[in-house]
Amino acid sequence: MNSRREFLKLAMAGSTAAVAAPAAASAQAKPKRWGMLVDLRKCIGCQACTVACTIENDVPEGQHRTAVPVYELDGPNGPSQAVLPRLCNHCDEPPCIPVCPVNATFKTEEGAVVVDAEQCVACGYCVQACPYEARFINHKTGVADKCTFCVHRTSVGLLPACVETCVGNARVFGDLNDPESEIRKLMAQHETKGLRPEFKTGPNVYYIGLDDRLASTVAVGGGARDLRQGLETSAHGEV
Amino acid sequence: MPAVDLMSFDHEAVWRPWAVAYFLLVGTGAGAALLLAYARLVRIAEAKGALIVAASFALASGLPLLADLHQPARFMHFYLGSAPGSIMWWGSWFLPLFIVSTLLLAFMTGRRGNAPMCGGERMLTMIVGALALCILGYTAGEMSVVAARPVWNTLGFPVVLILTALMSGAGATMIIDSLNGEKGEGRYMLVVTGAATLVAFGLWMLTDTNLSTLAADYAPVGLFGGFIIAGVVVPVVLAVSAKASLLLRGVSGALAVFGALAFRWSTFNGAQLMSKTETAFYGHEAALSQDALRTLAGSAGLLILSLIFVTLLINLLAVRASKQTQA
Ligand code: SF4
Ligand code: SF4
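These protein sequence lines map, in sequence, to chains A and B.
To get my numbering, take the position in the first sequence, counting from 1, and add 19.
To get my numbering, take the position in the second sequence, counting from 1, and add 234.
Set out below in structure tokens:
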């Protein structure tokens, strides 16, 4: 059973149950707590998720709610390529929330961290406070922006756009409170890691196959960025 | 080489040069306010230069702060709710109180003319001093609590930020005093805070690899040339040697203000160009881009207008007071 089908089935079953017996449904289950698992063994770095998110959420050019940087790692058999889909981790202890001076950013009941675009004064304090560079000031709306786990889709039983579009089924989305959800089952079967554990933010995005060298600050030396900056410099005829 | 980025995504600096201008202006105003409180309450001096600097720098600081908000028209949201967990929210209360109280003090000082200070003015001077401490505390705290910015999240950063604010306050006061043909109160404070800045910055540099990376890779000219040499060592030497020369005192003061600017410029912009998820620097911005030049010119213009306003306010009220006394 793949994650999309299971999610839709569960969502539809959930809404039918809610219609049939709302009292029983509310008495019964723990509230949902959304999480995402990224199986790096399956990610091919195609950026379909980056594009799907950009289109779904009307993210301006040059800004991203999710993206997949590509790295080269040294291995025993020479260099190998590694990809790392990044997005907001919808942290349990998000440093972006307490700094907000106008209470514009908060956690929904399902655990997604979101921004009230009407309330945000766009001071950028939350952008500074997020250790994952998951936030930015949106050039079109002029307020803080970030991944919402596609709250507009998940609230009507759909999957986030990045999960829906992932060609390798590398992104799995679901309810971390449900032991029967695919995400929970996969987490029980595999070793998973979160990014930047040193910040103790309790991220709710987990990775299978995450190389320790990419978990914290990436020890980058040289690389495309330096090469590009060098080329830009020489193109401008500067030393 | 453990990892190389083959494809990565740049993030722009979200606090723009307006933030540098705000922190410089409000820090200088707070530094001068503390000098004013010390001079008036301990040394029983008038310290008019420090008062002019405190009130005019405080007045000029509000607009750059608003300009750095990407939604300036929504500034009322700060006051329509409460967020005591956010240091920025506290700052949104301290700043207007500081501006209003320094302007009120300038008004009271002008209105009494040459008469001795009354109890109310002494009390207001104390309040201005206390609010200046709040301003220094909140600005340093607001930045140093950001664990995701390792250059700011150290003991060294808030200490040097506060020391340079005090030094800049003393320096700006020395400029105004020199222009007024007075020796004034700032020299001693500039020397003491300048020496303390050198020690604090040296210890910070020795113990923090993030700062040394920033200094070596991004801002060697700004931090060593602009800040330490031109902005701290030279003004301290000039202040020590300029016992009688008003010109040297003025130059020393101007360089101290420049030093505080160079420190903020290098550490605010540099830290935001240091990637949080990689050890790379994002695109090296031109040090004096058009945006930055506009900001500097706008802030300087605003400051000059504020200085004229506060000086006129004090002097015109003083003239009126002396006329009333004579009548
Ligand atoms: S990843 Fe960043 S933006 Fe998302 S919840 Fe955590 S701290 Fe906040
Ligand atoms: S940018 Fe908006 S959401 Fe972020 S801290 Fe400022 S007001 Fe809050």
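Cβ coordinates follow ideal geometry from the N, Cα and C atoms, glycine included.
None of the values given here were measured: they were computed from a predicted structure.
Contacting residues, own chain, Cβ-Cβ under 7 Å from residue i (five flanking each side not counted)
i, result
"Pro41 of chain A", "Confidence in Pro41 of chain A is poor, its pLDDT being 41 and thus under 50, which makes the residue's placement unreliable; the coordinate value appears in the next sentence. Excluding sequence neighbours, Pro41 of chain A sits near nothing in its chain."
"Ala136 of chain A", "Thr160 and Val162"
"Trp249 of chain B", "Asp302, Phe502 and Gln506"
"Val456 of chain B", "With the sequence shown as reference, residue 456 of chain B is identified as Gly, and Val is not the correct amino acid for it. Result list for Gly456 of chain B: Ala496, Trp499 and Ser500, in chain order."
"Val393 of chain B", "Ala434"
"Ala253 of chain B", "Asp302 and Phe502"
Sub-7 Å separation of residue i and residue j beta-carbons
i, j, result
"Ala281 of chain B", "Ala273 of chain B", "yes"
"Glu201 of chain A", "Gly193 of chain A", "yes"
"Pro298 of chain B", "Ala526 of chain B", "no"
"Ala67 of chain A", "Val186 of chain A", "yes"
"Thr511 of chain B", "Glu152 of chain A", "yes"
"Thr359 of chain B", "Gly283 of chain B", "no"
"Ala292 of chain B", "Thr336 of chain B", "yes"
"Phe461 of chain B", "Gly493 of chain B", "yes"
"Val260 of chain B", "Ile361 of chain B", "no"
"Pro120 of chain A", "Phe312 of chain B", "yes"
"Met423 of chain B", "Leu269 of chain B", "yes"
"Leu106 of chain A", "Thr85 of chain A", "yes"
"Gly319 of chain B", "Pro117 of chain A", "yes"
"Asn223 of chain A", "His83 of chain A", "no"
"Val175 of chain A", "Ala131 of chain A", "no"
"Ala141 of chain A", "Ile156 of chain A", "yes"
"Cys139 of chain A", "Cys115 of chain A", "no"
"Ala534 of chain B", "Gly344 of chain B", "no"
"Arg52 of chain A", "Leu205 of chain A", "no"
"Tyr225 of chain A", "Thr211 of chain A", "yes"
"Trp438 of chain B", "Gly390 of chain B", "yes"
"Glu112 of chain A", "Thr220 of chain A", "yes"
"Gly265 of chain B", "Ala434 of chain B", "no"
"Val425 of chain B", "Val474 of chain B", "yes"
"Leu489 of chain B", "Ala464 of chain B", "yes"
"Met322 of chain B", "Glu246 of chain B", "no"
"Gly420 of chain B", "Ala430 of chain B", "no"
"Val379 of chain B", "Leu445 of chain B", "no"
"Val544 of chain B", "Ile286 of chain B", "yes"
"Val133 of chain A", "Thr184 of chain A", "no"
"Leu395 of chain B", "Ala366 of chain B", "no"
Own chain, CB closer than 6 Å to residue i, minus 5 neighbours either side, in chain order
i, result
"Gly428 of chain B", "Met401, Val466 and Val470"
"Val182 of chain A", "Arg190 and Phe192"
"Gly228 of chain A", "Leu59 and Arg60"
"Leu103 of chain A", "Pro88 and Leu233"
"Ser412 of chain B", "Leu480, Arg483 and Gly484"
"Ala271 of chain B", "Thr359 and Gly363"
Range of the contiguous alpha helix (DSSP H) that encloses residue i
i, result
"Gly233 of chain B", "Outside the modelled stretch of chain B, which goes from 235 to 561, sits residue 233 of chain B, for which no answer is possible."
"Asp411 of chain B", "Gly390 to Leu413"
"Glu206 of chain A", "At residue 206 of chain A the sequence reads Met, which differs from the Glu that was named. Met206 of chain A -> alpha helix (DSSP H) spans Glu201 to Gln208."
"Met55 of chain A", "Here Met55 of chain A belongs to no alpha helix (DSSP H); instead the beta strand (DSSP E) covers Trp53 to Asp58."
"Gly319 of chain B", "Element bounds for Gly319 of chain B: n/a, residue is neither H nor E."
"Phe192 of chain A", "Phe192 of chain A -> not in any alpha helix (DSSP H); beta strand (DSSP E) instead, spanning Arg190 to Asp194."
"Cys72 of chain A", "Ala67 to Asn76"
"Trp438 of chain B", "Gly420 to Thr441"
Same chain, Cβ closer than 8 Å to residue i, five either side skipped, listed in chain order
i, result
"Asp77 of chain A", "Lys159"
"Met20 of chain A", "A caution first: Met20 of chain A carries a pLDDT of 36, below 50, which makes its placement in the model unreliable, though a value can still be read off. Taken in chain order, the residues that qualify are Glu201."
"Pro216 of chain A", "Ala234 and Ser235"
Any non-hydrogen atom of ligand 1 within 6 Å of residue i CB
i, result
"Cys107 of chain A", "yes"
"Pro117 of chain A", "no"
"Arg84 of chain A", "no"
"Arg215 of chain A", "no"
"Ala234 of chain A", "no"
"Ala153 of chain A", "yes"
"Pro114 of chain A", "yes"
"Cys110 of chain A", "yes"
"Val133 of chain A", "no"
Extent of the continuous beta strand (DSSP E) run through residue i
i, result
"Lys126 of chain A", "Thr124 to Lys126"
"Val132 of chain A", "Val132 to Val134"
"Gln558 of chain B", "First-last for Gln558 of chain B: Gln524 to Gln560, but that is the alpha helix (DSSP H), not the beta strand (DSSP E)."
"Gly94 of chain A", "Val89 to Gly94"
"Pro98 of chain A", "Gly97 to Val102"
"Tyr15 of chain A", "Because chain A in this structure spans residues 20 to 258, residue 15 of chain A falls outside the shown range and cannot be described."
Ligand 2 heavy atom lying under 6 Å from the CB of residue i
i, result
"Gly143 of chain A", "yes"
"Val166 of chain A", "Note that residue 166 of chain A is Cys in the sequence shown, not Val. No; taking the cut-off as 6 Å, the Cβ of Cys166 of chain A has no heavy atom of ligand 2 nearer than that."
"Cys185 of chain A", "no"
"Val224 of chain A", "no"
"Ala163 of chain A", "yes"
"Cys139 of chain A", "yes"
"Ala317 of chain B", "no"
Closer than 6 Å: residue i CB and nearest ligand 4 heavy atom
i, result
"Cys149 of chain A", "Judged by which ligands are present, ligand 4 is missing from the structure shown, whose ligands are ligand 1 and ligand 2."
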